[in-house]
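Going by my numbering, 220 is the number at position 220 of the sequence shown; the sequence numbering is gapless. We put the CB at the ideal spot given by N, CA and C, even for glycine. Below is one structure; the comments refer to it alone.
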Amino acid sequence: MANSNLVSIIIPLFNEEDSLAILIKKLIKSTKSIDSKFEFIFVNDGSTDKSLNIIKKLNQKNFKIISLVRNLGQTAAIMAGIDNCKGEIIVMMDADGQNDPSDIPKLLDMIKNGGLDVVSGWRYKRNDGFFRVFFSKIANKLLSFILNLKLHDYGCTLKAYKRDIIKNIKLYGEMHRLIPFYAKLEGAKIGEVKVNHFARRFGKSKYGMSRIFKVLLDVILLVFFRRFINKPIYFFGGVGLIFFFFSCLTLIYTLKLKYVDGVSFILTPLPILIIFFFITSIMSLFFGIISEILSRTYHESQSKKSYKIKSID
(Lines of atoms letter the chains of each structure in order from A and count residues from 1; the text may use other names and numbers.)
(Lines give C-alpha, C1' and ligand atoms only; values in the text may rest on other atoms or scores of the structure.)
Protein backbone atom coordinates (compact mmCIF):
# COMPACT_ATOMS: atom_id res chain seq x y z
CA MET A 1 0.00 0.00 0.00
CA ALA A 2 1.30 3.45 -0.92
CA ASN A 3 2.25 5.98 1.76
CA SER A 4 0.77 9.40 0.97
CA ASN A 5 3.72 11.30 2.48
CA LEU A 6 6.40 8.99 1.14
CA VAL A 7 8.56 9.73 -1.90
CA SER A 8 10.32 6.83 -3.57
CA ILE A 9 13.55 7.66 -5.38
CA ILE A 10 14.48 4.88 -7.80
CA ILE A 11 18.11 4.69 -8.94
CA PRO A 12 19.00 1.95 -11.44
CA LEU A 13 22.72 1.29 -11.60
CA PHE A 14 25.25 -0.79 -13.44
CA ASN A 15 28.95 -0.58 -12.52
CA GLU A 16 28.93 2.91 -10.98
CA GLU A 17 31.30 2.33 -8.05
CA ASP A 18 33.16 5.61 -8.55
CA SER A 19 30.12 7.91 -8.53
CA LEU A 20 27.83 6.23 -5.99
CA ALA A 21 29.33 7.56 -2.74
CA ILE A 22 29.20 11.17 -3.99
CA LEU A 23 25.68 10.71 -5.35
CA ILE A 24 24.33 9.24 -2.11
CA LYS A 25 25.76 12.09 -0.02
CA LYS A 26 24.16 14.63 -2.36
CA LEU A 27 20.85 12.77 -2.22
CA ILE A 28 20.73 12.75 1.55
CA LYS A 29 21.69 16.44 1.72
CA SER A 30 19.16 17.50 -0.92
CA THR A 31 16.23 15.70 0.67
CA LYS A 32 16.82 16.68 4.30
CA SER A 33 14.96 19.98 4.04
CA ILE A 34 11.93 18.53 2.23
CA ASP A 35 8.80 17.93 4.27
CA SER A 36 8.36 14.35 3.11
CA LYS A 37 9.62 10.94 4.01
CA PHE A 38 11.91 9.23 1.53
CA GLU A 39 12.88 5.74 0.54
CA PHE A 40 15.88 5.27 -1.71
CA ILE A 41 15.62 2.24 -3.96
CA PHE A 42 18.87 1.19 -5.59
CA VAL A 43 18.32 -1.36 -8.34
CA ASN A 44 21.57 -3.20 -8.99
CA ASP A 45 21.34 -4.25 -12.62
CA GLY A 46 23.93 -7.02 -12.53
CA SER A 47 26.94 -4.86 -11.57
CA THR A 48 30.29 -6.66 -11.63
CA ASP A 49 32.26 -3.99 -9.73
CA LYS A 50 32.00 -2.83 -6.10
CA SER A 51 28.79 -0.83 -6.55
CA LEU A 52 26.72 -3.14 -4.35
CA ASN A 53 29.31 -3.12 -1.53
CA ILE A 54 29.44 0.70 -1.55
CA ILE A 55 25.66 0.97 -1.13
CA LYS A 56 25.66 -1.59 1.67
CA LYS A 57 28.49 0.23 3.42
CA LEU A 58 26.57 3.53 3.29
CA ASN A 59 23.30 1.76 4.03
CA GLN A 60 20.64 3.59 6.02
CA LYS A 61 17.25 2.47 7.29
CA ASN A 62 15.44 4.11 4.37
CA PHE A 63 17.62 2.34 1.78
CA LYS A 64 16.29 -0.58 -0.21
CA ILE A 65 18.57 -2.59 -2.47
CA ILE A 66 17.16 -4.70 -5.28
CA SER A 67 19.62 -6.89 -7.14
CA LEU A 68 18.65 -8.34 -10.50
CA VAL A 69 19.93 -11.78 -11.51
CA ARG A 70 21.98 -10.26 -14.36
CA ASN A 71 22.25 -7.13 -16.46
CA LEU A 72 18.75 -6.73 -17.93
CA GLY A 73 18.88 -3.08 -18.93
CA GLN A 74 17.63 0.19 -17.48
CA THR A 75 13.98 -0.34 -18.38
CA ALA A 76 13.83 -3.66 -16.51
CA ALA A 77 15.65 -2.11 -13.53
CA ILE A 78 13.20 0.79 -13.39
CA MET A 79 10.25 -1.60 -13.66
CA ALA A 80 11.64 -3.59 -10.70
CA GLY A 81 11.90 -0.37 -8.70
CA ILE A 82 8.34 0.71 -9.52
CA ASP A 83 6.93 -2.70 -8.57
CA ASN A 84 8.71 -2.68 -5.22
CA CYS A 85 8.33 0.91 -4.02
CA LYS A 86 5.73 2.31 -1.63
CA GLY A 87 5.78 6.05 -2.24
CA GLU A 88 2.85 8.09 -3.51
CA ILE A 89 5.32 10.04 -5.64
CA ILE A 90 8.06 8.25 -7.59
CA VAL A 91 11.25 9.98 -8.70
CA MET A 92 13.73 8.35 -11.07
CA MET A 93 17.33 9.36 -11.66
CA ASP A 94 20.60 8.00 -13.01
CA ALA A 95 23.42 6.76 -10.81
CA ASP A 96 26.26 8.14 -12.93
CA GLY A 97 26.32 11.55 -11.22
CA GLN A 98 25.10 13.50 -14.24
CA ASN A 99 21.68 14.22 -12.70
CA ASP A 100 21.61 16.76 -9.86
CA PRO A 101 19.80 15.64 -6.67
CA SER A 102 19.24 19.31 -5.78
CA ASP A 103 16.68 19.43 -8.63
CA ILE A 104 14.42 16.92 -6.85
CA PRO A 105 12.64 19.59 -4.73
CA LYS A 106 11.61 21.43 -7.94
CA LEU A 107 10.07 18.29 -9.38
CA LEU A 108 8.20 17.49 -6.17
CA ASP A 109 6.92 21.05 -5.82
CA MET A 110 5.45 20.99 -9.33
CA ILE A 111 3.56 17.80 -8.49
CA LYS A 112 2.46 18.76 -4.98
CA ASN A 113 1.61 22.39 -5.64
CA GLY A 114 1.48 22.67 -9.41
CA GLY A 115 -1.31 20.17 -10.02
CA LEU A 116 0.81 18.00 -12.32
CA ASP A 117 0.90 14.22 -12.51
CA VAL A 118 4.23 13.93 -14.32
CA VAL A 119 7.21 16.28 -14.29
CA SER A 120 9.95 15.61 -16.83
CA GLY A 121 13.47 16.94 -16.46
CA TRP A 122 14.91 18.93 -19.35
CA ARG A 123 18.71 18.97 -19.53
CA TYR A 124 18.71 22.53 -20.87
CA LYS A 125 22.51 22.84 -20.86
CA ARG A 126 23.57 19.29 -21.54
CA ASN A 127 27.17 18.33 -20.90
CA ASP A 128 27.73 15.54 -23.40
CA GLY A 129 29.59 15.25 -26.68
CA PHE A 130 28.45 17.33 -29.65
CA PHE A 131 27.22 14.42 -31.75
CA ARG A 132 25.37 12.82 -28.82
CA VAL A 133 23.54 16.08 -28.12
CA PHE A 134 22.89 16.76 -31.83
CA PHE A 135 21.35 13.36 -32.59
CA SER A 136 19.44 13.45 -29.30
CA LYS A 137 17.79 16.74 -30.29
CA ILE A 138 16.74 15.28 -33.63
CA ALA A 139 15.34 12.17 -31.90
CA ASN A 140 13.43 14.29 -29.37
CA LYS A 141 11.82 16.40 -32.08
CA LEU A 142 10.87 13.27 -34.00
CA LEU A 143 9.38 11.67 -30.88
CA SER A 144 7.39 14.80 -30.07
CA PHE A 145 5.97 14.78 -33.60
CA ILE A 146 5.11 11.07 -33.67
CA LEU A 147 3.69 10.93 -30.14
CA ASN A 148 2.01 14.35 -30.26
CA LEU A 149 3.61 15.19 -26.92
CA LYS A 150 5.86 18.23 -26.70
CA LEU A 151 8.85 17.42 -24.51
CA HIS A 152 12.37 18.66 -25.08
CA ASP A 153 14.19 15.76 -23.47
CA TYR A 154 12.72 12.26 -23.45
CA GLY A 155 16.12 10.80 -22.57
CA CYS A 156 16.48 12.55 -19.21
CA THR A 157 15.95 9.92 -16.54
CA LEU A 158 15.27 12.54 -13.86
CA LYS A 159 11.48 12.59 -13.75
CA ALA A 160 8.76 12.52 -11.09
CA TYR A 161 5.43 10.71 -11.27
CA LYS A 162 2.33 10.26 -9.20
CA ARG A 163 2.12 6.61 -8.32
CA ASP A 164 -1.44 6.07 -9.52
CA ILE A 165 -0.42 7.21 -13.02
CA ILE A 166 2.28 4.60 -13.61
CA LYS A 167 1.40 1.76 -11.24
CA ASN A 168 -0.24 -0.27 -14.03
CA ILE A 169 2.27 0.53 -16.79
CA LYS A 170 4.38 -2.37 -18.00
CA LEU A 171 7.66 -1.48 -19.68
CA TYR A 172 9.82 -3.36 -22.16
CA GLY A 173 12.79 -2.62 -24.43
CA GLU A 174 13.85 1.04 -24.06
CA MET A 175 10.34 2.18 -23.17
CA HIS A 176 11.23 3.78 -19.83
CA ARG A 177 11.94 6.91 -21.88
CA LEU A 178 8.35 6.87 -23.11
CA ILE A 179 6.65 6.74 -19.70
CA PRO A 180 5.32 10.32 -20.14
CA PHE A 181 3.51 9.14 -23.26
CA TYR A 182 2.01 6.20 -21.37
CA ALA A 183 0.98 8.67 -18.67
CA LYS A 184 -0.64 10.86 -21.31
CA LEU A 185 -2.78 7.91 -22.37
CA GLU A 186 -3.88 7.65 -18.73
CA GLY A 187 -5.06 11.28 -18.82
CA ALA A 188 -2.10 12.68 -16.88
CA LYS A 189 -1.17 16.35 -16.73
CA ILE A 190 2.45 16.57 -17.86
CA GLY A 191 4.95 19.35 -17.25
CA GLU A 192 8.62 19.98 -17.86
CA VAL A 193 11.29 21.72 -15.81
CA LYS A 194 14.86 22.70 -16.61
CA VAL A 195 17.37 20.69 -14.61
CA ASN A 196 21.13 20.68 -14.20
CA HIS A 197 23.27 18.24 -16.09
CA PHE A 198 26.86 17.50 -15.18
CA ALA A 199 29.60 16.09 -17.35
CA ARG A 200 30.34 12.48 -16.58
CA ARG A 201 33.32 12.30 -14.20
CA PHE A 202 33.78 8.55 -13.90
CA GLY A 203 33.58 5.62 -16.29
CA LYS A 204 31.96 5.58 -19.70
CA SER A 205 28.37 5.87 -20.82
CA LYS A 206 26.56 2.52 -21.07
CA TYR A 207 24.62 3.74 -24.09
CA GLY A 208 25.77 4.13 -27.69
CA MET A 209 24.13 5.76 -30.66
CA SER A 210 22.24 2.52 -31.33
CA ARG A 211 19.99 3.45 -28.42
CA ILE A 212 18.30 6.11 -30.56
CA PHE A 213 17.28 3.54 -33.16
CA LYS A 214 16.07 1.15 -30.44
CA VAL A 215 13.87 3.88 -29.01
CA LEU A 216 12.46 4.72 -32.45
CA LEU A 217 11.62 1.06 -33.04
CA ASP A 218 9.88 0.97 -29.66
CA VAL A 219 7.92 4.06 -30.71
CA ILE A 220 6.75 2.34 -33.89
CA LEU A 221 5.58 -0.62 -31.83
CA LEU A 222 3.93 1.70 -29.31
CA VAL A 223 2.05 3.61 -31.99
CA PHE A 224 0.87 0.33 -33.49
CA PHE A 225 -0.38 -0.89 -30.11
CA ARG A 226 -2.07 2.41 -29.42
CA ARG A 227 -3.93 2.60 -32.72
CA PHE A 228 -4.48 -1.01 -33.72
CA ILE A 229 -4.26 -3.30 -30.67
CA ASN A 230 -8.05 -3.68 -30.55
CA LYS A 231 -8.52 -4.01 -34.33
CA PRO A 232 -5.24 -5.19 -35.95
CA ILE A 233 -7.21 -6.32 -39.03
CA TYR A 234 -7.56 -2.63 -39.95
CA PHE A 235 -3.78 -2.29 -40.22
CA PHE A 236 -2.88 -5.57 -41.90
CA GLY A 237 -6.03 -5.53 -44.00
CA GLY A 238 -5.20 -2.01 -45.16
CA VAL A 239 -1.69 -3.09 -46.14
CA GLY A 240 -3.18 -6.06 -47.98
CA LEU A 241 -5.57 -3.85 -49.93
CA ILE A 242 -2.70 -1.56 -50.96
CA PHE A 243 -0.69 -4.49 -52.34
CA PHE A 244 -3.80 -5.90 -54.06
CA PHE A 245 -4.31 -2.49 -55.69
CA PHE A 246 -0.69 -2.50 -56.91
CA SER A 247 -1.20 -6.03 -58.25
CA CYS A 248 -4.26 -4.92 -60.24
CA LEU A 249 -2.49 -1.83 -61.62
CA THR A 250 0.49 -3.91 -62.67
CA LEU A 251 -1.81 -6.45 -64.33
CA ILE A 252 -3.63 -3.72 -66.29
CA TYR A 253 -0.32 -2.21 -67.40
CA THR A 254 0.96 -5.65 -68.45
CA LEU A 255 -2.17 -6.30 -70.53
CA LYS A 256 -1.77 -2.88 -72.12
CA LEU A 257 1.83 -3.70 -73.10
CA LYS A 258 0.72 -7.07 -74.50
CA TYR A 259 -2.34 -6.13 -76.53
CA VAL A 260 -1.67 -2.46 -77.36
CA ASP A 261 2.10 -2.23 -77.66
CA GLY A 262 2.72 -5.84 -78.64
CA VAL A 263 5.29 -6.50 -75.87
CA SER A 264 5.38 -10.14 -74.78
CA PHE A 265 4.87 -11.06 -71.11
CA ILE A 266 8.20 -12.87 -70.97
CA LEU A 267 10.14 -9.74 -71.98
CA THR A 268 9.28 -7.91 -68.73
CA PRO A 269 9.43 -8.77 -65.01
CA LEU A 270 5.84 -7.55 -64.60
CA PRO A 271 4.20 -11.02 -64.29
CA ILE A 272 6.51 -11.81 -61.35
CA LEU A 273 5.66 -8.44 -59.82
CA ILE A 274 1.93 -9.16 -60.18
CA ILE A 275 2.33 -12.46 -58.36
CA PHE A 276 4.48 -10.85 -55.66
CA PHE A 277 1.96 -8.06 -54.96
CA PHE A 278 -0.96 -10.51 -54.97
CA ILE A 279 0.67 -13.03 -52.62
CA THR A 280 1.77 -10.21 -50.28
CA SER A 281 -1.80 -8.91 -50.15
CA ILE A 282 -3.14 -12.36 -49.26
CA MET A 283 -0.43 -12.85 -46.59
CA SER A 284 -1.19 -9.43 -45.07
CA LEU A 285 -4.87 -10.31 -44.89
CA PHE A 286 -4.11 -13.61 -43.14
CA PHE A 287 -1.74 -11.82 -40.73
CA GLY A 288 -4.61 -9.48 -39.93
CA ILE A 289 -7.00 -12.35 -39.24
CA ILE A 290 -4.46 -14.13 -37.02
CA SER A 291 -3.67 -10.87 -35.17
CA GLU A 292 -7.38 -10.25 -34.67
CA ILE A 293 -7.80 -13.72 -33.14
CA LEU A 294 -4.77 -13.17 -30.86
CA SER A 295 -6.02 -9.74 -29.81
CA ARG A 296 -9.45 -11.07 -28.85
CA THR A 297 -7.88 -14.03 -27.03
CA TYR A 298 -5.61 -11.60 -25.13
CA HIS A 299 -8.49 -9.40 -23.99
CA GLU A 300 -10.94 -12.18 -23.19
CA SER A 301 -8.47 -14.47 -21.40
CA GLN A 302 -7.48 -11.66 -19.01
CA SER A 303 -10.94 -10.12 -18.76
CA LYS A 304 -9.53 -6.91 -20.24
CA LYS A 305 -11.96 -4.31 -21.50
CA SER A 306 -11.66 -2.62 -24.87
CA TYR A 307 -12.46 0.69 -23.16
CA LYS A 308 -11.32 2.70 -20.14
CA ILE A 309 -13.79 4.84 -18.18
CA LYS A 310 -12.52 8.18 -16.86
CA SER A 311 -15.56 8.94 -14.69
CA ILE A 312 -19.28 8.28 -14.27
CA ASP A 313 -21.36 11.21 -13.08
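Here residue 181 is buried: its Cβ has 16 or more other Cβ atoms, across all protein chains shown, within 10 Å.
When Cβ pairs closer than 8 Å are counted between the two stretches, the region 39 to 56 is seen not to touch the region 220 to 229, the count staying below three.
For the pair residue 130 and residue 231, the Cα-to-Cα distance works out to about 43 Å. In the structure shown, residue 99 adopts extended strand secondary structure according to DSSP, grouped into three states. Contact check for residue 8 against residue 87 passes: the beta carbons are separated by less than 7 Å. If you look at residue 64, you'll find it in the beta strand (DSSP E) that goes 63 to 67.
Here residue 13 is bridged, per DSSP, to 44. Taking 7 Å as the cut-off, the beta carbon of residue 93 is found closer than this to the beta carbon of residue 99. Residue 95 sits buried, since 16 or more C-beta atoms from the chains shown fall within 10 Å of its C-beta. Ranked by how close their Cα comes to the Cα of residue 12, the residues 72, 25, 275 have 72 in first place. Between the alpha carbons of residue 242 and residue 179 lies a distance of about 34 Å. Here residue 250 has 270, 273, 274, 277 as same chain residues with Cβ atoms under 8 Å from its own Cβ, once five neighbours each way along the sequence are excluded. Using a Cβ distance threshold of 7 Å, residue 128 and residue 174 do not count as a contacting pair. Contact between residue 76 and residue 66 does not hold, since their C-beta atoms are separated by about 11 Å, which reaches or exceeds 8 Å. The alpha-carbon separation between residue 108 and residue 187 amounts to approximately 19 Å. Following the DSSP letters along the chain, one finds residue 120 inside the beta strand (DSSP E) bounded by residues 118 to 123. One Cα belongs to residue 10, the other to residue 301, and the distance between them is close to 33 Å. From the listed residues 290, 216, 190, 253, the smallest Cα separation to residue 236 is found for 290. Pairing residue 122 with residue 132, the inter-Cα distance amounts to about 15 Å. In this structure, the straight-line span from the alpha carbon of residue 201 to that of residue 14 is close to 15 Å. Counting C-beta atoms within 10 angstroms of its own C-beta, residue 153 has 16 or more neighbours from the protein chains shown and is therefore classed as buried. Its Cα nearest to that of residue 89, the residue 110 stands out among 110, 97, 18.
Taken atom to atom, the span from the alpha-carbon of residue 195 to that of residue 119 is near 11 Å.
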